[in-house]
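Chemist: Sequential numbering from 32 applies to the sequence shown in our numbering. Where is the CB? At the ideal position from N, CA and C, for every residue including glycine.
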Amino acid sequence: MSGYVPFNGPICVSMVASQSTSALLFWSWVNQSQNALVNYYNRNASSEMTNETLAVSYAAAVGSALAVAFGLATFIQRRYSPAQAKNLMKWVAFPSAVVASSLNCYIVRSPEIDTGVPLVDSDGNEVLPNETSTIAAERGVNSTTLSRALLQAPVYFFPPFLMGSIPVLKNALVRNPMLRVPMTTYLLLVCFGIGLPCSVAIFPQMGEIKVNEAEEKYHNLPDKRNGGRPYEVLYYNKGL
């Protein structure tokens with residue numbers, strides 16, 4: 032996750048700068064391929080995933096990304112004049128990235144829901160060894176998916192919005208259109224660098240779940256550290 036901004040940033044810039052369907056599709060494929068790897072390696076490592084499951088998840092995630100990008104780009108180019116379409120294409124990256132990144136994260140991480148994740152106490156010790164909770168796993172996958180969707184706003188929405196609404200930036204681009212790429216790059220990387228830790232911090236890596244909201248097998252388990260009284264809250268690693 033620490034390498035997300037320097038490696039994914041240039042790809043995001045290329046997506047925002049894409050003004051043709053073919054370019055947008057190519058960079059969407061590169062972007063979602065990298066996102067699939069990021070989601071895989073930042074999952075809960077206790078949940079095993081076969082190569083077959085990974086291949087199917089990757090194909091579905093990338094396929095959905097390309098479908099969304101192609102659909103929006105095709106609609107704009109057919110609905111608007113070439114000049115309007117060229118101006119609107121910079122906004123396609125935002126909604127397509129929100130949908131595609133969310134689907135990508137959910138599809139790649141969804142096998143965790145079938146296998147479940149271990150529940151631990153506040154010291155990190157498993158309360159039921161070799162047992163897992165699918166309820167906690169589903170919460171972890173859903174919260175991570177939502178954080179991926181929220182991350183797309185500072186990356187794909189703010190840079191073109193700032194360049195089109197702040198007079199100083201807008202006038203600079205009118206006087207010198209060649210500033211568009213370096214300005215987009217700078218603003219996107221800054222927004223990405225700020226947005227990534229903020230979106231990740233919304234849902235802590237170690238989630239908590241009330242015992243009465245987990246599976247029945249976790250109810251009334253004695254907490255030896257607390258005089259044998261039942262656990263009230265347990266924890267799980269949701270990944271990043």
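Quick one: Cα of residue 167 to Cα of residue 130, how far?
Modeler: Position 136 of the sequence shown holds residue 167. Position 99 of the sequence shown holds residue 130. Straight-line Cα distance between these residues: approximately 24 Å.
Chemist: Out of 180, 217, 248, point me to the one whose CA is closest to residue 161's CA.
Modeler: The residue labelled residue 161 in the question sits at position 130 within the sequence shown. Nearest C-alpha to residue 161: 248.
Chemist: What is the residue span of the alpha helix (DSSP H) that residue 121 lies within?
Modeler: For the purposes of this step, residue 121 is identified with residue 90 of the sequence shown, where counting begins at 1. Per DSSP, residue 121 belongs to the alpha helix (DSSP H) from 113-140.
Chemist: According to DSSP, simplified to helix, strand and coil, what is residue 55?
Modeler: Counting from one through the sequence shown, the residue named residue 55 turns up at place 24. Helix, per DSSP.
Chemist: Taking the Cβ atom as the reference point for each residue, do residue 200 and residue 44 lie within a distance shorter than 9 Å?
Modeler: For the purposes of this step, residue 200 is taken as residue 169 along the sequence shown, with counting starting at 1. For the purposes of this step, residue 44 is taken as residue 13 along the sequence shown, with counting starting at 1. For residue 200 and residue 44, no; Cβs fall outside 9 Å.
Chemist: With burial defined as no fewer than 16 other Cβ atoms inside 10 Å of the residue's Cβ, what is the status of residue 183: buried or exposed?
Modeler: As a first step, residue 183 is located in the sequence shown; it is residue number 152 there, counting from the start. The residue in question, residue 183, is buried, as its Cβ has 16 or more Cβ neighbours within 10 Å.
Chemist: For the alpha helix (DSSP H) that residue 241 lies in, which residues bound it at each end?
Modeler: For this step, residue 241 is matched to residue 210 along the sequence shown. Element bounds for residue 241: not the alpha helix (DSSP H) but the beta strand (DSSP E), 237-241.
Chemist: Distance, Cα to Cα, residue 176 vs residue 211?
Modeler: Working through the sequence shown from its first residue, we reach residue 176 at position 145. Working through the sequence shown from its first residue, we reach residue 211 at position 180. One C-alpha to the other measures close to 31 Å.
Chemist: Do you know offhand how far residue 4's Cα is from residue 243's?
Modeler: Nothing about residue 4 can be read from this structure; the chain reaches only from 32 to 271.
Chemist: Need the endpoints of the beta strand (DSSP E) that residue 271 sits in, please.
Modeler: Mapped onto the sequence shown, residue 271 falls at position 240. First-last for residue 271: undefined, no H or E at that position.
Chemist: Counting Cβ pairs closer than 8 Å, one from the stretch 149-160 and one from the stretch 186-200, do we hit at least three?
Modeler: no
Chemist: Can the beta-carbon of residue 128 be found less than 9 Å from the beta-carbon of residue 62?
Modeler: By 1-based counting over the sequence shown, the position of residue 128 is 97. By 1-based counting over the sequence shown, the position of residue 62 is 31. A contact, by the Cβ cut-off of 9 Å.
Chemist: Just the C-alpha distance for residue 236 and residue 225, rounded to the nearest angstrom, thanks.
Modeler: Here the question's residue 236 lines up with position 205 in the sequence shown. Here the question's residue 225 lines up with position 194 in the sequence shown. Answer to the nearest angstrom: the Cα atoms are 18 Å apart.
Chemist: For the alpha helix (DSSP H) containing residue 89, name the first residue and the last one.
Modeler: For this step, residue 89 is matched to residue 58 along the sequence shown. Per DSSP, residue 89 belongs to the alpha helix (DSSP H) from 82-110.
Chemist: Could you name the residues of the same chain whose beta carbon sits closer than 8 Å to that of residue 67, not counting the 5 residues immediately before and after it, in chain order?
Modeler: Along the sequence shown, one-based indexing puts residue 67 at 36. Answer for residue 67: 88, 89, 92, 93, 135, 139, listed in chain order.
Chemist: Let me make sure I understand the geometry here. Which of 52, 229, 234 has the alpha-carbon closest to that of residue 122?
Modeler: Here residue 122 refers to the residue found at position 91 of the sequence shown. The shortest Cα separation from residue 122 among 52, 229, 234 belongs to 52.
Chemist: Where DSSP assigns a beta bridge to residue 254, which residues make up the other side?
Modeler: As a position in the sequence shown, residue 254 is number 223, starting the count at 1. Paired residue(s): 260.
Chemist: Once the 5 residues before and after residue 152 are set aside, which same chain residues still bring their CB inside 8 Å of it?
Modeler: For this step, residue 152 is matched to residue 121 along the sequence shown. Same-chain partners within the cutoff: 158, 254, 256, 262, 265, 266.
Chemist: On a CA-only basis, which of 144, 198, 187, 197 is nearest residue 173? Give me that one, please.
Modeler: Locating residue 173 in the sequence shown gives position 142, counting from the first residue. The candidate whose alpha carbon is nearest that of residue 173 is 144.
Chemist: Relative to the C-alpha of residue 141, which candidate in 206, 85, 50, 38 has its C-alpha closest?
Modeler: Locating residue 141 in the sequence shown gives position 110, where the first residue counts as 1. Of 206, 85, 50, 38, the residue nearest in Cα terms is 85.
Chemist: Secondary structure at residue 157, three-state DSSP: helix, strand or coil?
Modeler: Locating residue 157 in the sequence shown gives position 126, where the first residue counts as 1. If DSSP states are grouped into helix, strand and coil, residue 157 belongs with the strands.
Chemist: Can you tell me where the alpha helix (DSSP H) holding residue 180 begins and where it ends?
Modeler: Against the sequence shown, residue 180 aligns to sequence position 149. Counting along the chain, the alpha helix (DSSP H) containing residue 180 begins and ends at 165-183.
Chemist: Is residue 265 helix, strand or coil when you go by DSSP?
Modeler: If you number the sequence shown from 1, residue 265 lands on position 234. Reduced to three states, the DSSP call for residue 265 is strand.
Chemist: Among 170, 228, 146, 202, whose alpha-carbon lies nearest the alpha-carbon of residue 186?
Modeler: Counting from one through the sequence shown, the residue named residue 186 turns up at place 155. Taking only the C-alpha atoms, the option nearest residue 186 is 228.
Chemist: Taking its Cβ as the centre, do 16 or more other Cβ atoms sit within 10 Å of residue 207, making it buried, or is it exposed?
Modeler: As a working note, residue 207 is residue 176 in the sequence shown. Per the 10 Å Cβ criterion, exposed.
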